[in-house]
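In what follows, a single structure is set out as structure tokens and then discussed.
Protein chains: 2
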Amino acid sequence: MSAERFARTPAPPYYAVIFANQRRDGDHGYGATADRMVELAAQQPGYLGIESTRDAAGFGITVSYWESEADIAAWRRNAEHSVARQHGRDEWYEHFELRVAKVERAYGGPAARGEGA
Amino acid sequence: MSAERFARTPAPPYYAVIFANQRRDGDHGYGATADRMVELAAQQPGYLGIESTRDAAGFGITVSYWESEADIAAWRRNAEHSVARQHGRDEWYEHFELRVAKVERAYGGPAARGEGA
Numbered sequence: 004m005s006a007e008r009f010a011r012t013p014a015p016p017y018y019a020v021i022f023a024n025q026r027r028d029g030d031h032g033y034g035a036t037a038d039r040m041v042e043l044a045a046q047q048p049g050y051l052g053i054e055s056t057r058d059a060a061g062f063g064i065t066v067s068y069w070e071s072e073a074d075i076a077a078w079r080r081n082a083e084h085s086v087a088r089q090h091g092r093d094e095w096y097e098h099f100e101l102r103v104a105k106v107e108r109a110y111g112g113p114a115a116r117g118e119g120a
Numbered sequence: 004m005s006a007e008r009f010a011r012t013p014a015p016p017y018y019a020v021i022f023a024n025q026r027r028d029g030d031h032g033y034g035a036t037a038d039r040m041v042e043l044a045a046q047q048p049g050y051l052g053i054e055s056t057r058d059a060a061g062f063g064i065t066v067s068y069w070e071s072e073a074d075i076a077a078w079r080r081n082a083e084h085s086v087a088r089q090h091g092r093d094e095w096y097e098h099f100e101l102r103v104a105k106v107e108r109a110y111g112g113p114a115a116r117g118e119g120a
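First to last, the sequence lines map onto chains E and V. Quick note: the first sequence, position 58, residue 61 per the numbering used here, numbers continuous. Quick note: the second sequence, position 97, residue 100 per the numbering used here, numbers continuous.
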């Protein structure tokens with residue numbers, strides 16, 4: 004059931020960082036850094052989980068979940084993350100859109116069949 | 004630059020429906036219905052755009068953007084969408100997590116380099 008691909012988030016409210024991105028061709032160190040960022044994010048205060056996928060054309064969506072906006076801001080200021088973000092802008096991403104959102108409602112399925120949203 | 008993969012959303016606030024899902028094996032009518040839902044969603048009041056991707060293992064994330072929670076609720080009640088959602092629960096998805104979130108901040112890049120988040 005690939006449960007490890009889904010974030011085990013608590014009941015709302017909490018925050019989501021929605022990162023949609025188009026990779027450039029070639030790795031240029033991306034893979035190792037991406038793995039490291041997932042590992043490092045999980046160690047930050049307020050981290051709740053992450054969901055991430057990318058298709059063969061290099062279009063990816065990563066959503067990370069956080070307890071508060073302050074936790075997101077702190078992760079943004081993390082030194083190693085800041086270096087990775089600059090590599091992203093310079094080398095890895097053709098384009099990206101980042102959105103910070105407050106999760107207000109959530110449900111899962113199919114087990115939750117019939118429950119309201 | 005694959006701009007068509009990104010939603011051209013207005014300045015926040017607006018709403019996001021974050022739908023993370025694991026497909027089962029086999030199409031079972033999924034592809035045609037998914038295309039139709041994208042087409043139908045775009046005709047609904049308050050629709051702002053959609054971003055969607057899925058990897059080779061069948062793990063997908065689709066984020067649709069809407070002006071208001073009322074627009075999301077109306078789309079949820081759409082008859083054709085309701086039938087598709089039931090097919091999703093019965094046939095297409097091994098598991099999914101759906102979250103409704105209010106987008107509070109957004110920025111894109113790399114062009115927006117140096118701008119705050």
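The beta carbon of each residue, even a glycine, is placed where N, CA and C say it ideally should be.
Cβ of residue i within 9 Å of any chain V Cβ
i: Ala104/E; result: yes
i: Gln25/E; result: yes
i: Gly49/E; result: no
i: Ser67/E; result: no
i: Glu107/E; result: yes
i: Ala10/E; result: yes
i: Ala14/E; result: no
Residue-chain proximity (residue i, chain E), Cβ-Cβ < 9 Å
i: Tyr33/V; result: no
i: Arg116/V; result: For Arg116/V, the predicted model reports a pLDDT of 40, less than 50, meaning its position is unreliable and no value from the coordinates is stated.
i: Asp38/V; result: no
i: Asp28/V; result: no
i: Ala19/V; result: yes
i: Glu83/V; result: no
Where the beta strand (DSSP E) containing residue i begins and where it ends
i: Trp95/E; result: First-last for Trp95/E: undefined, no H or E at that position.
i: Ser71/E; result: First-last for Ser71/E: undefined, no H or E at that position.
i: Gly52/E; result: Tyr50 to Arg57
Where the alpha helix (DSSP H) through residue i begins and ends
i: Ser85/E; result: Ala82 to His90
(message) With three or more beta-carbon pairs closer than 8 Å as the criterion, would you say the stretch 19 to 29 of chain E touches the stretch 98 to 112 of chain E?
(response) yes
(message) Pairs of beta-carbons, one from the stretch 32 to 40 of chain E and one from the stretch 30 to 38 of chain V, closer than 8 Å: are there three or more?
(response) no
(request) Would you check if the stretch 76 to 90 of chain V and the stretch 85 to 94 of chain E touch, i.e. whether three or more CB-CB distances between them fall below 8 Å? (result) no
(request) Could you name each continuous beta strand (DSSP E) segment of 3 residues or more that falls completely within the stretch 10 to 38 of chain V, going from the start of the chain to the end? (result) 17 to 26
(request) Decide yes or no for the touch test of the stretch 39 to 50 of chain V against the stretch 45 to 65 of chain E: beta carbon pairs closer than 8 Å, at least 3 of them. (result) no
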